[in-house]
Amino acid sequence: MTIVRTEHKTCAVCDVSSPVRVWLSYSSFEKMGPSLDGCQPGAPNADLVQFCRHCGYASYEITEVPQCPGIIKTKFYRDVLKHRWIDDSCKGYLCLTFFLVADDDYKGAFWSSLRAAWVCDADDYWQGSEEYRLQALEMMRRSHEAGIAVSESQEQDHLLQTDLLRRTGSFQQAMSIVMEALKGCREQKMGRLLRFERRLIENGDKAVHWVKEAEGVAWA
Numbered sequence: 394m395t396i397v398r399t400e401h402k403t404c405a406v407c408d409v410s411s412p413v414r415v416w417l418s419y420s421s422f423e424k425m426g427p428s429l430d431g432c433q434p435g436a437p438n439a440d441l442v443q444f445c446r447h448c449g450y451a452s453y454e455i456t457e458v459p460q461c462p463g464i465i466k467t468k469f470y471r472d473v474l475k476h477r478w479i480d481d482s483c484k485g486y487l488c489l490t491f492f493l494v495a496d497d498d499y500k501g502a503f504w505s506s507l508r509a510a511w512v513c514d515a516d517d518y519w520q521g522s523e524e525y526r527l528q529a530l531e532m533m534r535r536s537h538e539a540g541i542a543v544s545e546s547q548e549q550d551h552l553l554q555t556d557l558l559r560r561t562g563s564f565q566q567a568m569s570i571v572m573e574a575l576k577g578c579r580e581q582k583m584g585r586l587l588r589f590e591r592r593l594i595e596n597g598d599k600a601v602h603w604v605k606e607a608e609g610v611a612w613a
């Protein structure tokens, strides 16, 4: 059962109250399960970030003061706020990414960038879907440079990296990653997912696909 409540919270930057959606519970589409890049249909992917519509501050909790509030005044930040083709949820995640990068939280920046792409998926805004997946890949690269995985394991990171590259049409890079990942993969379920990704890459398939698809493929 999905229960959503709208609350008014006072922005820590501009001291103006903004309405935010708070998810108390949600029902996911269990039969479908998550996509290969982790998006769970029915989950509050678009509403986890809180976005002040007055000053543009974005955070998972806008009542908390950011370490670098001046980021809001930068040209890159203001350009996101002026973007005509993305909704406030997507703007919120992209703006949040600036704050996370300033804190050297590249793992968090990876997920906020990817969630921006998921919002674009839902809105059929394919340019944003690809652009923000590429941004997520850059955040993953920086996180790896810092020695931090963005998911629960290196193998899961390889799967995410492969899927994001495939979804952006970077098939050669995706194939290179998946083949290297398969060499060292010892976990059966992950092996099935990686082999499923390999088949999708061979077919030049950029579409969304689901974990349950891979689990049901006999050749995987």
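Following our numbering, the numbering of the sequence shown begins with 394 at its first residue and continues without gaps. Where a beta carbon is used, it is the ideal one built from N, C-alpha and C, also for glycine.
What three-state label does DSSP hand Glu400 in the structure shown? Along the sequence shown, read from residue 1 onward, the residue named residue 400 stands at position 7. Three-state result, Glu400: strand.
When the Cα of Glu595 is compared with those of Asp496, Asp556 and Gln433, which residue comes out closest?
Stepping through the sequence shown from its first residue, residue 595 is reached at position 202. Of the listed residues, the one whose Cα sits closest to Glu595 is Asp556.
| request: Please report the residue range of the alpha helix (DSSP H) in which Ser482 lies. | output: The residue labelled residue 482 in the question sits at position 89 within the sequence shown. Residues Asp481 to Ala495.
>> For Pro443, list the residues DSSP reports as bridge partners.
In response: Counted from its first residue, the sequence shown places residue 443 at position 50. Before going on, a small fix: residue 443 reads as Gln here, not Pro. Note: Gln443 sits in a beta bridge opposite Ser452.
Open item on the list: I need the boundaries of the alpha helix (DSSP H) containing Asp556, first residue and last residue.
Closed with: For the purposes of this step, residue 556 is taken as the residue at position 163 of the sequence shown. Asp556 -> alpha helix (DSSP H) spans Gln547 to Arg560.
Where Trp612 falls: helix, strand or coil (DSSP) | As a working mapping, residue 612 is identified with position 219 in the sequence shown. Any answer about Trp612 is weak, because its pLDDT of 46 lies below 50 and its placement is not dependable; what the coordinates show is given next. Three-state result, Trp612: coil.
Item checked: Backbone secondary structure at Pro462 - three-state DSSP -> The count along the sequence shown starts at 1 and reaches residue 462 at position 69. Three-state result, Pro462: helix.
>> According to DSSP, is Ala405 part of a helix, a strand, or is it coil?
In response: Against the sequence shown, residue 405 aligns to sequence position 12. Coil.
Check your understanding: To the nearest angstrom, how far is it from the Cα of Pro427 to the Cα of Leu552?
Key -> Here residue 427 is taken as the residue at index 34 of the sequence shown, counted from 1. Here residue 552 is taken as the residue at index 159 of the sequence shown, counted from 1. So the two alpha carbons sit approximately 13 Å from each other.
Below 9 Å between beta carbons: does that hold for Val406 and Ile465? In the sequence shown, the residue the question calls residue 406 occupies position 13. In the sequence shown, the residue the question calls residue 465 occupies position 72. Taking C-beta atoms as the reference points, Val406 and Ile465 count as a pair closer than 9 Å.
| task | Taking 9 Å as the cut-off, decide whether the C-beta atoms of Gly540 and Phe564 are in contact. | result | Taking the first residue of the sequence shown as position 1, residue 540 is located at position 147. Taking the first residue of the sequence shown as position 1, residue 564 is located at position 171. For Gly540 and Phe564, no; Cβs fall outside 9 Å.
Stretch-stretch touch, CB-based, cutoff 8 Å, three pairs: the segment 526–539 with the segment 573–588: no
- prompt: Do Leu489 and Val442 have their C-beta atoms within less than 9 Å of each other?
  reply: As a first step, residue 489 is located in the sequence shown; it is residue number 96 there, counting from the start. As a first step, residue 442 is located in the sequence shown; it is residue number 49 there, counting from the start. In contact: Leu489 and Val442 (Cβ atoms closer than 9 Å).
- Query: If you compare alpha carbons, which of Arg592, Val494, Trp519 and Lys484 is closest to Asp472?
  - Reply: In the sequence shown, the residue the question calls residue 472 occupies position 79. Measuring from the Cα of Asp472, the nearest candidate turns out to be Lys484.
message: Measuring only the C-alpha atoms, how far is Phe491 from Asp498?
response: If you number the sequence shown from 1, residue 491 lands on position 98. If you number the sequence shown from 1, residue 498 lands on position 105. In a straight line, the C-alpha of Phe491 is about 10 Å away from that of Asp498.
request  = Name the residue from Gln433, Ile479 and Thr403 whose alpha carbon lies nearest to the alpha carbon of Cys448.
outcome  = What you label residue 448 is simply residue 55 of the sequence shown in a count that begins at 1. It is Thr403 whose Cα lies nearest to the Cα of Cys448.
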